[in-house]
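The opening residue of the sequence shown carries number 13 in the working numbering; numbering runs sequentially from there. Right, one structure below, let's go through it.
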Amino acid sequence: MFVMKSLWVGAIAAGLSSSLHAAENIAICEDGAEWPPFHYIKRDGGQKVPGVSEGYSIDVINKILKGSQFSYSKVDFIPWKRCLKQLLKGKYDLVMNASYNAERAANFLYTKAYYEMRPAYFYSLKKHPNGLEGITSGAALSKYKVCGLAGYNYKAFNIDLSQLDTGSKNFASVAKKVRAGRCDAFIAQIEALAGFKAIGQDFLEGDIGYKPIPGAKANEFYMIISKKSKHAKALQEKIDQGIDKLKADGELKILLDKYLK
């Protein structure tokens, strides 16, 4: 009788443990447009592998959640606005790549920052082997013809936006304009541009050099958590602890450098 009772109690405990584990599977969404090197869909022979995600942010969350009470099965790549809307409703628990703004801070829980993106100017090494001369501030770039992409927000770049040519639709076309001499430089964030190499698009190959824009502040990025998630506070605490440890151990830099070199 004692043996039967012990088996029964053990079965109940095992079932409860399994139930708790299943309840702590978190749902993650990200921008379906992809954002290498931070998150993107894995490529095999240049073709996307459906349902398989890669990138710096994926590496970071995997390290943080390993051995914890939290797990996830996949990352859903959906339109960015829908991702945030569903996060607000609690359908998703976590988004891994978000800049800070007051509206989001009111709606979501922010983790600690775990990477930053630095504004820079990119130029042709053939035409300017020593770089652009006299660039001691963002304002000094106004001496040159500087290009950017249509629809992008360059307010944080510390330059005169009235002089900016934003006639290019993508990085490939704006890099081509610089190589052809139609622009002296184009502006972008270093990590974002270098990260495209992860999906087979190396915009820095060969004759393109770059330097950070003096005086321009780096933009920090965070993970954000739905306030309606039943794991919200515990998940925030776990991720913050993980970020602190990875930063202290130098692993955040190692993980990011893998994609930028």
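C-beta: ideal position from N, C-alpha, C; glycine also. Nothing here was measured: the structure is a model prediction, and the numbers come from that model.
Distance between residue j and residue i (C-alpha atoms, nearest Å)
i, j, result
"Lys242", "Asn119", "15 Å"
"Lys75", "Asp261", "13 Å"
"Arg55", "Ile73", "20 Å"
"Ser83", "Ile225", "40 Å"
"Leu28", "Glu46", "A caution first: Leu28 carries a pLDDT of 42, below 50, which makes its placement in the model unreliable, though a value can still be read off. When rounded, the distance between both Cα atoms is 38 Å."
"His33", "Ala244", "Because the pLDDT at His33 is just 47, under 50, the model does not fix this residue reliably, and the value given afterwards should be weighed accordingly. Cα to Cα, His33 sits roughly 16 Å from Ala244."
"Asp219", "Lys188", "11 Å"
"Asn113", "Arg94", "18 Å"
"Lys240", "Gly146", "52 Å"
"Lys139", "Ala192", "9 Å"
"Pro91", "Ile53", "14 Å"
"Gly254", "Lys181", "38 Å"
"Gly194", "Ala152", "Rather than Gly, the amino acid found at residue 194 in this sequence is Arg. For Arg194 and Ala152, the distance between alpha carbons rounds to 19 Å."
"Glu217", "Pro141", "15 Å"
"Gly212", "Ser65", "15 Å"
"Gly179", "Gly79", "49 Å"
"Gln98", "Gln59", "28 Å"
Nearest to residue i (by Cα), restricted to the options the options
i, options, result
"Val276", "Ser174, Leu173, Ala200 and Gln175", "This structure leaves residue 276 out entirely; the chain is present only between 13 and 273."
"Ile236", "Glu36, Cys41 and Lys265", "Cys41"
"Leu96", "Lys86, Ser111 and Ser85", "Ser111"
"Leu100", "His51, Ile251, Leu121 and Gly212", "Leu121"
"Asp177", "Asp105, Asp88 and Leu161", "Leu161"
"Gly44", "Ala192, Asp88 and Pro62", "Asp88"
"Ala204", "Lys240, Ala230 and Ala151", "Ala230"
"Val61", "Lys86, Gln253, Cys195 and Leu77", "Lys86"
"Ile202", "Lys223, Ala192 and Gly193", "Lys223"
"Leu77", "Asp269, Lys270 and Lys250", "Lys250"
"Asp269", "Gly146, Gly102, Tyr127 and Ser65", "Tyr127"
Contact under 7 Å by Cβ, residue i with residue j
i, j, result
"Tyr156", "Leu144", "yes"
"Ala210", "Pro48", "yes"
"Tyr133", "Gly221", "no"
"Ala168", "Asp105", "no"
"Val206", "Pro131", "With the sequence shown as reference, residue 206 is identified as Ala, and Val is not the correct amino acid for it. Contact flag unset, no."
"Met129", "Ser69", "no"
"Leu272", "Leu264", "no"
"Leu247", "Asp71", "no"
"Ser149", "Gln175", "no"
"Gly63", "His51", "no"
"Thr123", "Asp252", "yes"
"Tyr166", "Leu173", "yes"
Nearest-angstrom Cβ-Cβ length linking residue i and residue j, presumed shorter than 8 Å
i, j, result
"Gly198", "Phe208", "For the sequence presented, residue 198 should be read as Phe rather than Gly. Incorrect: roughly 14 Å between the Cβ atoms, too far for contact."
"Gln81", "Glu115", "That pair is no contact at about 30 Å."
"Ala117", "Phe233", "The Cβ separation is near 14 Å, so there is no contact."
"Ile171", "Val158", "7 Å"
"Gly57", "Ser238", "Wrong, their Cβ atoms sit about 36 Å apart, outside the cutoff."
### Task
Just list the beta strand (DSSP E) runs in the segment 45-90, keeping only unbroken ones of 3 residues or longer that don't cross its boundaries, in chain order.
52-56, 59-66 and 87-90
### Message
Quick check on the DSSP output: what are the complete beta strand (DSSP E) runs of length 3 or more inside the segment 100-176, in order along the chain?
### Response
106-110, 120-122, 127-129, 131-136 and 158-161
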